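Peer 1: The sequence shown begins at 24 in the numbering used here and counts up by one.
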Amino acid sequence: MTPIFSFQSPISGSGYSIDRYRLVNDDFVQEIDAETRIEFVNREFIDPFKIAKKSGTGEIIDVVNKTDDEISFSLRVSSNPISPFQINFDRNTLKTFGITPVDPMSSNLTTIFDLLADISDQSSIEYLLPFVKHELHFVRWRAIRSIYSIDENVGLQLIQKALLDSHEHVRAAAASTMAQIST
Numbered sequence: 024m025t026p027i028f029s030f031q032s033p034i035s036g037s038g039y040s041i042d043r044y045r046l047v048n049d050d051f052v053q054e055i056d057a058e059t060r061i062e063f064v065n066r067e068f069i070d071p072f073k074i075a076k077k078s079g080t081g082e083i084i085d086v087v088n089k090t091d092d093e094i095s096f097s098l099r100v101s102s103n104p105i106s107p108f109q110i111n112f113d114r115n116t117l118k119t120f121g122i123t124p125v126d127p128m129s130s131n132l133t134t135i136f137d138l139l140a141d142i143s144d145q146s147s148i149e150y151l152l153p154f155v156k157h158e159l160h161f162v163r164w165r166a167i168r169s170i171y172s173i174d175e176n177v178g179l180q181l182i183q184k185a186l187l188d189s190h191e192h193v194r195a196a197a198a199s200t201m202a203q204i205s206t
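1. I need the straight-line Cα distance from Ser-102 to Phe-28, nearest angstrom please.
2. How many whole angstroms separate the CB atoms of Ile-69 and Gly-38, which I take to be in contact at a CB cut-off of 8 Å?
3. On the DSSP bridge list, what partners appear for Leu-46?
4. Helix or strand or just coil, what does DSSP make of Leu-98?
5. Examine the Cβ distances between the stretch 125–133 and the stretch 106–116 and report whether three or more of them are shorter than 8 Å.
6. Grouping DSSP H, G and I as helix and E and B as strand, with all else coil, what is Phe-30?
7. Suppose the cutoff is 7 Å on Cβ atoms and the five residues either side in sequence are ignored; what does the same chain contact list for Gly-121 look like?
8. For Arg-114, count the other beta carbons within 10 Å of its own beta carbon; 16 or more makes it buried, fewer makes it exposed. Which is it?
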């Protein structure tokens, strides 16, 4: 679920079908949690030069495979993101399974954090620590997780502090992690 307003149109070929989905109970992207579900709305065929519009607040458009072999090219126009991340849904269960940063800088940061965790060099912690206070909650949590991967003692202290984080998802992740660690 990309948090952008957009429209797209096939500009060659025979067109294509799209499946439309929406959030089940709410159209407010910021309130999504692990129990959030989407529902199928409809499938529609988009002829060349016809327009498919997508709301950035609770709607998903999924382009489905064409039935013919003719290649269609599409023009897509999108707004700036209205949220720093997109919500990922499983097509089979229609439930959430995570988030992905939309902003390239946030995405790059989280990738770098993962690389530093994989290298597991103690000196990386000093570079990760400032991001524990980052404005985006998922960047904060990824920094904490990466530090924990490098040094469990330092990471554990940060996870305990994260129990009081301003964002409910970070608090929930910290509580879940503490429960797993203590078992």
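Note that beta-carbon positions come from the ideal geometry of N, C-alpha and C, so glycine has one too.
Remember, predicted model here, so these are calculated numbers, not experimental data.
Peer 2: Considering the structure as presented:
1. Position 79 of the sequence shown holds residue 102. Position 5 of the sequence shown holds residue 28. Whole-angstrom Cα-Cα distance: 5 Å.
2. Here the question's residue 69 lines up with position 46 in the sequence shown. Here the question's residue 38 lines up with position 15 in the sequence shown. Contact flag correct, Cβ pair sits at about 5 Å.
3. On the sequence shown, position 23 is the one that residue 46 refers to. Residue pairing by DSSP places Leu-46 opposite Ile-61 in a beta bridge.
4. As a first step, residue 98 must be located in the sequence shown, where it is residue number 75. Strand, per DSSP.
5. yes
6. Position 7 of the sequence shown, counted from the first residue, corresponds to residue 30. Strand at Phe-30.
7. As a first step, residue 121 must be located in the sequence shown, where it is residue number 98. Closer than 7 Å at the Cβ level, and outside the excluded window around Gly-121, lie Asn-111.
8. Taking the sequence shown and counting its residues from 1, the one referred to as residue 114 is at position 91. Looking at its Cβ environment, which holds fewer than 16 other Cβ atoms inside 10 Å, Arg-114 is exposed.
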